Ligand SMILES: Cc1ncc(COP(=O)(O)O)c(C=O)c1O
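Numbering (the numbering used here), first residue to last: 150 to 548.
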């Protein structure tokens, strides 16, 4: 997902000579001032998984993966793992002493459960990833896990608020993990949900620590400046640049410890960090149904304008799905990103970097996905006009 270093930003001075675009479409949702409205801690948001008793909030999803490995006692064991993955979840498994056994994912980002079954010798867990909010066939995953007599670890880092019809993603696994900051404008946040008897063991996990406040504040301020730019265009862009430069100076001088989100590497030093109080506050100010509705609307607007030239690699947007982005395949990602950025459209180079644990050529469809998939934004901050702007820029690019 969004790695700051991977995002090409207008504000960073790319294409310095070109005139600044009139419209800026950020690749991630942003924080609005009203989201800091104080609400009592008891006003828990009524959407899955937040209404679930015992949900354990973490700084990142990777920390929840770390907890899951411990709860499921997977150290020293083999886990069936899709060959298409971000990298940090795999690093977490490896750091915890797990041996991944990779299976095929097809060109539509669907797990191949027949291939998984063929590779399933001495397996202690089935790991499933829902890509970009699109559900995997959880019936097939569960059937395989039952045949093997092992639990399912459901990775919903890219699928918060998404459903397969009526059933929320994250409700299928024995243990499920979520990333909050990929879908919501919280400065940090992940979560762990545990079902059945295992839930009692959650109390045995180490206590979570509060993350450093300056780090959380700097992420939140960055997101609010991005919001200002989205709403006010050029004025916001200049303000954001000025404040950001001043902020960098302060951060350097004050030696502020920044725990970055969206990074590719697992760091044991951060593994006990919980979610910040500011993230809890922002979370209490979210309209979940509205977020899903806007993401779906924006996705459909893109789809309507792009299906003939750039259909999404994932296929149909089924009822209930909350898309994280519109996954489009392009031949030259770097040049497409730069050209879209010159029109104010920020995109993300989705999972280009291949972890050496999966050699090139072993899963050709995954190699192609890594080389070609670009994230087009559909998030809740985009108006219909923004979504149409994104689509028309992509059409122009592909002409
Ligand atoms: C599938 C998947 N799982 C887990 C993670 C870890 O998420 P986080 O950055 O919150 O640790 C990511 C991150 O992108 C991911 O894509």
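We put the beta carbon where it would ideally sit given N, CA and C, even for glycine.
Predicted model, so just to flag it, every value in this text is computed and none were measured.
- For the pair residue 209 and residue 339, the CB atoms are nearer than the 7 Å cut-off.
- Residue 481 and residue 467 have their C-alpha atoms some 29 Å from each other.
- Check the Cα spacing between residue 188 and each of 447, 523, 430: the tightest is with 430.
- If you draw a straight line from the Cα of residue 376 to the Cα of residue 181, it is about 6 Å long.
- Contact check for residue 300 and residue 323: beta-carbon distance about 4 Å, within the 8 Å limit, so the pair qualifies.
- Between the stretch 447 to 460 and the stretch 205 to 222 there are fewer than three inter-stretch CB-CB distances shorter than 8 Å, so the stretches are not counted as touching.
- Relative to the non-hydrogen atoms of ligand 1, the Cβ of residue 314 never comes closer than 6 Å to any of them.
- Annotation for residue 449: the continuous alpha helix (DSSP H) segment containing it runs 437 to 455.
- Not one heavy atom of ligand 1 falls within 6 Å of the beta-carbon of residue 528.
- Around the CB of residue 212, 16 or more other CB atoms lie within 10 Å, so the residue is classed as buried.
- Between the alpha carbons of residue 383 and residue 196 lies a gap of roughly 36 Å.
- Residue 230 carries a strand assignment under DSSP once its states are collapsed to helix, strand and coil.
- Less than 7 Å divides the Cβ of residue 290 from the Cβ of residue 275.
- Rounded to the nearest whole angstrom, the CA to CA distance from residue 484 to residue 277 is 32 Å.
- Per DSSP, residue 264 has no beta-bridge partner at all.
- In the structure shown, residue 385 adopts helical secondary structure according to DSSP, grouped into three states.
- By the C-beta criterion, the stretch 328 to 345 is judged to be in contact with the stretch 359 to 377, since at least 3 inter-stretch pairs fall below 8 Å.
- Its chain contains 252, 253 as the residues whose beta carbon lies nearer than 7 Å to that of residue 264, once the 5 sequence neighbours on both sides are disregarded; these appear in chain order.
- The beta-bridge partner set that DSSP reports for residue 478 consists of 522.
- Cβ contact annotation for residue 273 (same chain, cutoff 7 Å, sequence separation greater than five): 223, 226, 227, 228, 299, in chain order.
- Bounds of the beta strand (DSSP E) holding residue 340 are 339 to 343.
- Residue 305 places its beta carbon less than 7 Å from that of residue 327.
- Inter-residue distance for residue 525 and residue 497 is about 7 Å (C-alpha atoms, whole angstroms).
- Sequence-distant Cβ neighbours of residue 511 in its own chain, meaning closer than 8 Å and more than five residues away, are 232, 251.
- Measuring C-alpha to C-alpha distances from residue 259 to each of 532, 548, 518, 537 identifies 518 as the nearest.
- Judged by DSSP secondary structure, residue 205 falls within the beta strand (DSSP E) whose first and last residues are 205 to 207.
- The three-state reading of DSSP puts residue 484 in helix, counting H, G and I together.
- A direct Cα-to-Cα measurement between residue 230 and residue 249 gives close to 6 Å.
- For residue 535, the enclosing alpha helix (DSSP H) begins and ends at 533 to 547.
- Residue 493 counts as buried, since at least 16 other C-beta atoms from the protein chains shown sit within 10 angstroms of its C-beta.
- Cα atoms of residue 425 and residue 360: separation of roughly 6 Å, rounded to the nearest angstrom.
- Your pair residue 473 and residue 307 checks out as a contact, with CB atoms roughly 5 Å apart and the cut at 8 Å.
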